[in-house]
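In the working numbering, the protein residues as written are 9 to 213.
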């Protein structure tokens, strides 16, 4: 497999010029097609006529993958205070020293494990029905905002879970918090605690 260096020449099809053009390799900041994030200073070939990036060699793939994981998108919901209290208590049980840093990881963990498991998707739907009265009783409590940045992969999984569960974004997060309560907060000895503590230790490394 050829390694390309700055200044190397080649040829490629330029969609902007609508023809095969001469190209030059160099390091460039290349935005992702999604519009979210940029792969910074990766080797790429640009059209010698218009300057458009027209080719990215295999050697740049690892750097693009890392940049795509780092690129973030917002996930924000406003919920009654008891939801946040539950999320923070679960985080405390996993790692008392972690504070609120585990909020995002817990949500991401439960999204990832649910998105491809129809039984867990159905349980999220049931949560919205079973706990409806409890949630209504919290309407007079203060509201708090859960605001976090997630990777595109987590964001895509969350969007997919919204579709599969037929719940809106806020209701889905509330249902996930109910799952977290039933599996981490309420049991005397949560079965998943060893796995979650390993996750927390990795985040703290």
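Note that the Cβ used here is the ideal one computed from N, Cα and C, for glycine as well.
Quiz item: Expressed to the nearest angstrom, what Euclidean distance is found between the alpha-carbon atoms of residue 37 and residue 162?
Solution: What you label residue 37 is simply residue 29 of the chain shown in a count that begins at 1. What you label residue 162 is simply residue 154 of the chain shown in a count that begins at 1. Whole-angstrom Cα-Cα distance: 24 Å.
Exercise. Could you tell me whether the Cβ atoms of residue 135 and residue 186 are closer together than 7 Å?
Key: Taking the chain shown and counting its residues from 1, the one referred to as residue 135 is at position 127. Taking the chain shown and counting its residues from 1, the one referred to as residue 186 is at position 178. In contact: residue 135 and residue 186 (Cβ atoms closer than 7 Å).
Exercise. Answer with buried or exposed for residue 9, where buried requires no fewer than 16 other C-beta atoms within 10 angstroms of its C-beta.
Key: Here residue 9 is taken as the residue at index 1 of the chain shown, counted from 1. So residue 9 ends up on the exposed side.
Exercise. Express the C-alpha separation of residue 29 and residue 56 in angstroms, rounding to a whole number.
Key: For the purposes of this step, residue 56 is identified with residue 48 of the chain shown, where counting begins at 1. For the purposes of this step, residue 29 is identified with residue 21 of the chain shown, where counting begins at 1. Taking the straight line from one Cα to the other gives about 7 Å.
Quiz item: Taking the alpha helix (DSSP H) that residue 90 falls in, what are its first and last residues?
Solution: Against the chain shown, residue 90 aligns to sequence position 82. Here the alpha helix (DSSP H) through residue 90 covers 89-102.
Quiz prompt | Buried versus exposed, by CB contacts within 10 Å (16 or more), residue 22 | solution = Against the chain shown, residue 22 aligns to sequence position 14. With 16 or more Cβ atoms within 10 Å of its Cβ, residue 22 is classed as buried.
Quiz prompt | Contact under 7 Å by Cβ, residue 133 with residue 173 | solution = Reading the chain shown from its first residue, position 125 is the one you call residue 133. Reading the chain shown from its first residue, position 165 is the one you call residue 173. Cβ atoms of residue 133 and residue 173: closer than 7 Å.
Quiz prompt | The beta strand (DSSP E) enclosing residue 51, as first and last residue numbers | solution = Translated into the one-based positions of the chain shown, residue 51 becomes position 43. Residue 51 -> beta strand (DSSP E) spans 46-55.
Quiz item: Roughly how far, in whole angstroms, is the beta-carbon of residue 89 from the beta-carbon of residue 152, given that I think they are within contact range, below 8 Å?
Solution: For the purposes of this step, residue 89 is identified with residue 81 of the chain shown, where counting begins at 1. For the purposes of this step, residue 152 is identified with residue 144 of the chain shown, where counting begins at 1. About 5 Å separates the two Cβ atoms, so the contact holds.
Quiz item: Fully enclosed by the segment 152-189, which alpha helix (DSSP H) runs are 4 residues long or longer?
Solution: 160-173 and 177-188
Practice problem: Look up residue 73 in the DSSP assignment and say whether it is helix, strand or coil. | Solution: Your numbering for residue 73 matches position 65 in the chain shown. Helix.
Quiz prompt | Identity of the residue in 61, 99 and 73 nearest residue 208 by Cα | solution = Here the question's residue 208 lines up with position 200 in the chain shown. Comparing Cα positions, the closest option is 99.
Quiz prompt | N- and C-terminal bounds of the beta strand (DSSP E) containing residue 35 | solution = Stepping through the chain shown from its first residue, residue 35 is reached at position 27. Start and end: 27-39.
Practice problem: Consider the Cβ of residue 32: report whether some Cβ of chain C lies at a distance smaller than 7 Å. | Solution: Looking for chain C here will not work: only one protein chain is present.
Quiz item: Which first and last residues belong to the alpha helix (DSSP H) in which residue 113 is found?
Solution: As a first step, residue 113 must be located in the chain shown, where it is residue number 105. Where residue 113 is concerned, the enclosing alpha helix (DSSP H) stretches over 110-123.
Self-check item: As assigned by DSSP and simplified to three states, the class of residue 19
Solution: Sequence index remark: in the chain shown, residue 19 carries index 11 (1-based). It is a strand residue.
Quiz item: Out of curiosity, what's the CA-to-CA distance linking residue 80 and residue 160?
Solution: Position 72 of the chain shown, counted from the first residue, corresponds to residue 80. Position 152 of the chain shown, counted from the first residue, corresponds to residue 160. So the alpha carbons of these two residues sit roughly 6 Å apart.
Quiz item: Just the Cα atoms here: how many angstroms apart are residue 128 and residue 138?
Solution: The residue you call residue 128 lines up with position 120 of the chain shown. The residue you call residue 138 lines up with position 130 of the chain shown. Taking the straight line joining both Cα atoms gives about 15 Å.
Quiz item: Cα separation between residue 116 and residue 24?
Solution: For this step, residue 116 is matched to residue 108 along the chain shown. For this step, residue 24 is matched to residue 16 along the chain shown. When rounded, the distance between both Cα atoms is 39 Å.
Practice problem: Just mark residue 14 as buried or exposed, buried being the case when its beta carbon has 16 or more other beta carbons within 10 Å. | Solution: On the chain shown, position 6 is the one that residue 14 refers to. Residue 14 is exposed by the Cβ-count criterion.
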